[in-house]
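Each residue of the sequence shown is one higher than the last, beginning at 399 in our numbering. Just so you know, even glycine gets a beta-carbon here, dropped at the ideal spot from N, CA and C. All values reported here derive from a predicted model rather than from experimental measurement. In what follows, a structure is listed as structure tokens, so that the remarks can point back to it.
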Amino acid sequence: MKKIICLLALYAGSFYQSQTNQFVYELQYRKDASDEYRKDLMNLDISPKSIKFYDRKFAEYDSINKSANRSVSRYSTKTDQVIERAPNSFKNKWYRDFFEYFVVNTNDEMTWKLLQETQQYNGYKLQKATTDFGGRTWNAWFSNDVNIKEGPYKFRGLPGLIFILEDTDKNFIYKLVNNKKLDTEYDTKDFVETHYGKSAIPISNEKFNKYIEEFYENPTRTLAESIKNGQKTSFKNESIETIEELNKKKSMLQNGIKSRYIYIEKDKEPSFKSN
């Protein structure tokens, strides 16, 4: 990693004349301290035209599809952290995948407090900074040696690249683990700007939450209509013929909806009513 990032630093001054720098972050995240960490790798693509942050598995599946010259594999975000923004901007397009595909436009300007505290990380001297965002307090460790004012998810605006980012409860931890320079801008149109041809529907965060909350309240409604009309239906290859049988699956469906994402922005997450 040190040699890779050192190479980047040499090019930092002419960065915006290059095509794309792709940074890979390891993300560990959990609901709270009683929960086990989930782990995912995330890509941060920085090009002269845009900044994009997304689950790395999207790129892996995209590579399979491009090799086959058709869509043979599809992936849905596990993190709810698919982001696009213009360079030097805090205005984000937040792509949300929940049965349909949505985009929420947000303005996420942050106020950072720079501290004198430093640490060494893979041969780099990192400086600490703090901010409050999304209902959490965050600590970021950035390098003045890499003159790129970006970081994971919506975090940006420090004097250098963010190498490590974590909230004070350590429920979300990002660490830079790799990077590479791409000759061309990486094409993400099949999994960021659209979801395999499904265009993103503009929506507010409030309406998006209402959509999820209503789905949670009655997750079996579509299947129930079929049964009421005299049709048989199935769930996970199990035949369901009555409303009573279907209702037994309601709790399982609700748990799946409730636990699908761990929301990084606590002040913007849906509110699920207790049964």
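### Nearest-angstrom beta carbon gap, residue 544 and residue 450 [assumed within contact, 8 Å]
Between residue 544 and residue 450 the Cβ distance is about 18 Å, and since that is not below 8 Å, they are no contact.
### Query
In the structure shown, what three-state DSSP assignment does residue 670 receive?
Coil.
### Task
Give me the Cα-Cα distance between residue 651 and residue 496, rounded to the nearest whole angstrom.
Cα to Cα, the separation comes out at about 14 Å.
### Message
Distance check for residue 516 and residue 501, CA to CA, integer angstroms please.
### Response
It is roughly 37 Å from the alpha-carbon of residue 501 to the alpha-carbon of residue 516.
#### Entry: Three-pair Cβ contact test at 8 Å for the region 557-577 versus the region 512-529
The region 557-577 vs the region 512-529: in contact.
#### Entry: Nearest candidate by alpha-carbon position, reference residue 666, set 607, 648, 645 and 615
Nearest C-alpha to residue 666: 607.
### Query
At what residues does the alpha helix (DSSP H) containing residue 503 begin and finish?
Per DSSP, residue 503 belongs to no alpha helix (DSSP H); it is in the beta strand (DSSP E), 498-505.
### Query
Under the three-state reduction of DSSP, which class applies to residue 565: helix, strand or coil?
In this structure, residue 565 counts as strand in the three-state DSSP scheme.
### Message
By the three-class DSSP mapping on this structure, what secondary structure does residue 604 have?
### Response
Residue 604 falls in the helix class under three-state DSSP.
### Message
Assuming the contact rule is C-beta atoms closer than 8 Å, residue 443 and residue 584 should be a hit. Round their C-beta distance to whole Å, please.
### Response
Indeed they touch by this definition, with Cβ atoms about 5 Å apart.
### Query
Leaving out five residues before and five after residue 662 in sequence, what residues of the same chain have Cβ atoms less than 7 Å from its Cβ?
Once the five neighbours on either side are set aside, the close Cβ partners of residue 662 are 479, 532, 551 and 570.
### Query
Quick one: any contact between the region 573-583 and the region 596-607, if contact means 3 or more CB pairs under 8 Å?
Contact between the region 573-583 and the region 596-607 is absent: fewer than 3 CB-CB pairs across the two stretches fall below 8 Å.
### Query
Is the Cβ-Cβ distance between residue 573 and residue 424 less than 7 Å?
Cβ atoms of residue 573 and residue 424: closer than 7 Å.
### Query
Given that a residue counts as buried once 16 or more other Cβ atoms are within 10 Å of its Cβ, and exposed if not, what is residue 618?
Classification of residue 618: buried, given that the 10 Å Cβ count is 16 or more.
### Query
Just how far apart, CA to CA, sit residue 655 and residue 529?
Looking at the two C-alpha atoms, the distance is approximately 30 Å.
### Query
Taking the alpha-carbon positions, what's the residue 482 to residue 491 distance?
Each residue's Cα considered, the two are about 5 Å apart.
### Integer Cβ distance of residue 461 from residue 418, believed to fall under 8 Å
15 Å between Cβ atoms; not a contact.
#### Entry: Contact set for residue 439: own chain, Cβ-Cβ below 8 Å, skip 5 residues either direction
Cβ neighbours of residue 439 beyond the five flanking positions: 422, 423, 424, 425, 453, 454, 455 and 575.
### Residue from 645, 538, 498 and 566 whose Cα sits closest to the Cα of residue 554
The option with the nearest alpha carbon to residue 554 is 538.
### Task
Could I get the ranges of all uninterrupted alpha helix (DSSP H) runs contained in the region 454-542, with 4 residues as the minimum, in chain order?
Taking only runs of at least 4 residues, the alpha helix (DSSP H) segments lying wholly in the region 454-542 are 454-466.
### Query
Are there 16 or more other CB atoms within 10 angstroms of the CB of residue 668, so buried, or fewer, so exposed?
Burial call: buried.
### Message
On the criterion of 16 or more Cβ atoms from any shown chain inside 10 Å, does residue 427 qualify as buried, or is it exposed?
### Response
The residue in question, residue 427, is buried, as its Cβ has 16 or more Cβ neighbours within 10 Å.
### Query
At what residues does the beta strand (DSSP E) containing residue 636 begin and finish?
Bounds of the beta strand (DSSP E) holding residue 636 are 636-638.
### Query
Which same chain residues, not among the five before or five after residue 489, have their C-beta less than 8 Å away from its C-beta?
Closer than 8 Å at the Cβ level, and outside the excluded window around residue 489, lie 483, 503, 504, 505 and 506.
### Task
With residue 643 as the anchor, note down where its alpha helix (DSSP H) starts and where it stops.
In the DSSP assignment, residue 643 falls within the unbroken alpha helix (DSSP H) covering 641-645.
### Query
Which one or two residues does DSSP pair with residue 424 in a beta bridge?
Beta-bridge pairing links residue 424 to 439 and 573.
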